[in-house]
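Chains as they are written, first to last, in UniProt numbering: chain A, 1 to 476; chain B, 1 to 239.
Here is the structure we will look at.
Encoded structure:
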């Protein structure tokens, strides 16, 4: 599955994350600052719950009538002279886009940040076809020039890198000679990329929300790169996940407001751009030709299931910014471009349990994600549903859990066995016990104690303690 | 010219079948929404109150605000341009500049002071982009102004190039006080209304909130990335 990043197993990825102290510090700092900003942006409205409920009712209505709204959207895009391609798979989307690029004999593509093009691995597909592809969002640009380091956060993709690392990448790859000050680094990117904007043949963007009634779509950014991507090249290709649309401008506005407040705590970001079709006949800037590629890539299999609500997602990352597990393991541990709670729900659905069966377990089910979601996706409940599916239907529970459950089932089935087992436990665990903790457990406990301690079995069993207490003994 | 649509039927049939039904035969009416919190924000605020809200918000978005009236506009604009280091200046082609008495500034004073001035002219093609790219300052006019977020809304057309707001180093937006509304809600309503009345929505509508910025490096805010580094709104009291 294309959205997969890296080839390492889940445990190795997590091990790397946990031992990366800069990354952990950066993630903790980012969670604190973005979490606080989100909270104050939500609270200053005074009726945030109503906003969330409105967001939810809009998204639910669209999903239930998705075929209708996509038909309306595509009719209206075509009416304004745009071309629409419906792609069932990543391959179909990539083939179509490669075809457009070839027909223009394009050598250089500039891109604005887009998760769906990451999902379908569009860049490598175009590069294989001999086309230079330049990411223009500062974070994506940093990752791209660092030999395509994958993103670790859906809003701040280079969150795992510090400014010294970024300076070193700029020095190695761009001949940069200034300091690690963010202003100087950003200034260098501005100068370099400005030339690319002016000379690119094609601009490629994602889509925050398409508007069915008018055939428009909106882009939400802070840097202004999406505006240059859609103003300067002669051809524009916009790629959207098929669920990312709303009926009219009025609902678009509500979702944009929910997105910017939830993602970065801003009332609106610096640039919200609403585009409809190619440019007008006498316009000088804007594309002469516009293509909209609408991607399914596994989404229709989620519709009509218990997981349908995950398609309400507006990609704000609020759930990622409050997740205690993400805080410790970082984005790359999820092995998917979609990380955090939303990634743990979405990645197994789009990419399958074979690759992502561990993700639903990488959660404490604390529910912080569900509480902040601006469109009320019950994320922790969906994680729980995944676990049920994995165990009941797929028979893919992690081996250690299977063994432990089997042993417990055996031991608990007979009162006599249970009694002996619980009596023997303290003695059996004695070699591994350090005070009241086990820090280097045997067998199935090993995986647990590698990353944390396990409480040692109490020397006095509850039943013995209870009987003793009845007799008026030690009540401690 | 009408565009093409490919692969639609099978794609939409798959969706309908996942949803456990046939394709929708007719028109779906948008439901009456149960929640409408957006309409309550700054409800009933007067234009003066909206100006105050806008000014406060601009403190948070690194944007300067100057309030003037039509008689003071030329002087205020000249001063703002001088503070940003002078020309080259690029503007839209828009009659309102004349109506607001800016012709002497654009066509006499600036040339006398060697401040280069370029007015968008679609007949000159890519030359416009070259001019915008080398400009120090771009000047545009806000059609709708959002008090809550400090946002100017621009509609593109042949005389109103998109890149005037993006390529120059600094942006000056002229904001008629009459264009102020509480928030994005009212702008979305107006845009929808235009569409329902049969007017074509501009191919590009820009909601611009201050200068460009990024927090992609260690979450440090850098103001001025791809778009303008500085922004000023000049509010013109036209009420």
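All C-beta atoms, glycine included, are put in the ideal place defined by N, C-alpha and C.
If the cut is a Cβ gap below 7 Å, which residues of chain B does residue i touch?
i	result
residue 350 (chain A)	Residues of chain B passing the Cβ test: none, with the nearest at roughly 14 Å.
residue 279 (chain A)	203
residue 51 (chain A)	37
residue 466 (chain A)	Those within 7 Å of residue 466 (chain A) in chain B number zero; the least Cβ separation is about 53 Å.
residue 66 (chain A)	15
residue 304 (chain A)	18, 19, 20
Report the three-state DSSP secondary structure of residue i (helix, strand or coil).
i	result
residue 162 (chain A)	coil
residue 119 (chain A)	helix
residue 94 (chain A)	helix
residue 204 (chain B)	strand
residue 476 (chain A)	Here the model assigns residue 476 (chain A) a pLDDT of 48, short of 50, so the residue's position is not dependable, and the following value carries that caveat. Looking at residue 476 (chain A) - three-state DSSP - the assignment turns out to be coil, as it is neither helix nor strand.
residue 425 (chain A)	helix
residue 10 (chain B)	helix
residue 111 (chain A)	strand
residue 240 (chain A)	strand
residue 223 (chain A)	coil
residue 84 (chain A)	strand
residue 274 (chain A)	strand
residue 130 (chain A)	coil
residue 355 (chain A)	helix
residue 339 (chain A)	coil
residue 362 (chain A)	coil
residue 374 (chain A)	coil
residue 99 (chain A)	helix
residue 7 (chain A)	coil
residue 456 (chain A)	coil
residue 462 (chain A)	helix
residue 218 (chain A)	strand
residue 230 (chain B)	strand
residue 284 (chain A)	coil
residue 129 (chain B)	helix
residue 134 (chain B)	helix
residue 268 (chain A)	coil
residue 437 (chain A)	strand
residue 106 (chain A)	coil
residue 320 (chain A)	helix
On the DSSP bridge assignment, give the partners of residue i in chain order.
i	result
residue 136 (chain A)	DSSP lists no partner for residue 136 (chain A).
residue 214 (chain B)	B:222
residue 289 (chain A)	A:235
residue 237 (chain B)	B:69
residue 318 (chain B)	A question about residue 318 (chain B) goes unanswered here, because the residues of chain B that appear run from 1 up to 239.
residue 5 (chain B)	A:84
residue 140 (chain B)	B:173
What does residue i reach in chain B if we use C-beta pairs closer than 8 Å?
i	result
residue 190 (chain A)	224, 225, 226
residue 340 (chain A)	Under the 8 Å cutoff, chain B gives no residues; its nearest Cβ is about 17 Å from residue 340 (chain A).
residue 256 (chain A)	184
residue 182 (chain A)	217, 218, 220, 222
residue 321 (chain A)	Under the 8 Å cutoff, chain B gives no residues; its nearest Cβ is about 11 Å from residue 321 (chain A).
residue 166 (chain A)	217
Run down chain A in chain order and give the residues with a C-beta less than 7 Å from the C-beta of residue i.
i	result
residue 33 (chain B)	54, 57
residue 12 (chain B)	67, 70, 71
residue 188 (chain B)	249, 250, 252, 253
residue 128 (chain B)	284
Which residues in chain A sit within 9 Å of residue i, going by Cβ to Cβ distance?
i	result
residue 197 (chain B)	What residue 197 (chain B) touches in chain A: nothing, since even the nearest Cβ is about 13 Å away.
What in chain B is Cβ-close to residue i, meaning under 9 Å?
i	result
residue 201 (chain A)	The premise fails here: residue 201 (chain A) is roughly 14 Å from chain B at the closest Cβ pair, so nothing lies under 9 Å.
Residue i: beta carbon under 8 Å from a heavy atom of the ligand NAD?
i	result
residue 261 (chain A)	In the structure on display, the ligand NAD does not appear, and there are no ligands present to speak of.
- prompt: Where are the beta strand (DSSP E) runs, 3 residues long or more, that stay fully inside the stretch 153-198 of chain B, in chain order?
  reply: 170-176, all fully within the stretch 153-198 of chain B.
message: Can you confirm whether the stretch 137-153 of chain B touches the stretch 7-20 of chain B when touching is taken to mean that 3 or more C-beta pairs between the two stretches lie within less than 8 Å?
response: Verdict: no, contact absent.
query: Taking the runs of the beta strand (DSSP E) that are 3 residues or longer, which of them lie wholly in the stretch 16-62 of chain B?
result: As summarised for the stretch 16-62 of chain B, there are no continuous beta strand (DSSP E) elements at least 3 residues long confined to that stretch.
- prompt: Which residue spans inside the stretch 139-208 of chain A form an unbroken beta strand (DSSP E) run of at least 3?
  reply: DSSP runs (the beta strand (DSSP E)) wholly in the stretch 139-208 of chain A: 202-205.
message: If we require 3 or more residues per run, which beta strand (DSSP E) segments fall completely within the stretch 95-120 of chain B?
response: Counting only runs of 3 or more, we get 117-119.
- prompt: Which residue spans inside the stretch 62-87 of chain B form an unbroken beta strand (DSSP E) run of at least 3?
  reply: Counting whole runs of 3 or more residues, the stretch 62-87 of chain B contains the beta strand (DSSP E) stretches 63-69.
field: Entirely enclosed alpha helix (DSSP H) segments - the stretch 12-65 of chain A, minimum 4 residues
entry: Qualifying alpha helix (DSSP H) stretches, in chain order: 21-43, 48-64.
query: Should the stretch 233-253 of chain A be called in touch with the stretch 191-211 of chain A, which here means at least 3 C-beta pairs below 8 Å?
result: Counting C-beta pairs closer than 8 Å gives three or more between the stretch 233-253 of chain A and the stretch 191-211 of chain A, which meets the contact rule.
task: Say whether the stretch 169-188 of chain B touches the stretch 111-123 of chain B, bearing in mind that this needs 3 or more beta-carbon pairs closer than 8 Å, one atom from each stretch.
output: The stretch 169-188 of chain B is not in contact with the stretch 111-123 of chain B.
message: Three Cβ pairs or more, each shorter than 8 Å: is that satisfied between the stretch 70-85 of chain B and the stretch 201-216 of chain B?
response: Flag = no, the stretch 70-85 of chain B and the stretch 201-216 of chain B do not touch.
query: Any chance the stretch 103-121 of chain A sits against the stretch 247-266 of chain A, with 3 or more Cβ pairs inside 8 Å?
result: Output reads no: the stretch 247-266 of chain A does not touch the stretch 103-121 of chain A.
query: Just checking, does the stretch 167-184 of chain A make contact with the stretch 76-93 of chain A on the three C-beta pairs under 8 Å criterion?
result: Fewer than three beta-carbon pairs drawn from the stretch 167-184 of chain A and the stretch 76-93 of chain A are found closer than 8 Å, and the two stretches are therefore not classed as touching.
query: Hey, is the stretch 358-370 of chain A in contact with the stretch 340-350 of chain A, meaning 3+ C-beta pairs nearer than 8 Å?
result: As far as the Cβ criterion goes, the stretch 358-370 of chain A touches the stretch 340-350 of chain A, which means the pair count is three or higher.
query: How about the stretch 141-154 of chain A and the stretch 328-339 of chain A: do they share at least three Cβ pairs that are nearer than 8 Å?
result: Short answer: they touch.
- prompt: Three or more C-beta pairs closer than 8 Å, one from the stretch 182-200 of chain B and one from the stretch 35-51 of chain B: is that the case here?
  reply: They touch, by the three-pair rule.
- prompt: Between the stretch 209-222 of chain A and the stretch 191-210 of chain B, are three or more C-beta pairs nearer than 8 Å?
  reply: A contact between stretches requires three or more CB pairs, one per stretch, nearer than 8 Å, and the stretch 209-222 of chain A meets this requirement with the stretch 191-210 of chain B.
- request: Determine contact between the stretch 128-147 of chain B and the stretch 90-105 of chain B, defined as no fewer than three beta-carbon pairs at a distance below 8 Å.
  value: Touching, yes.
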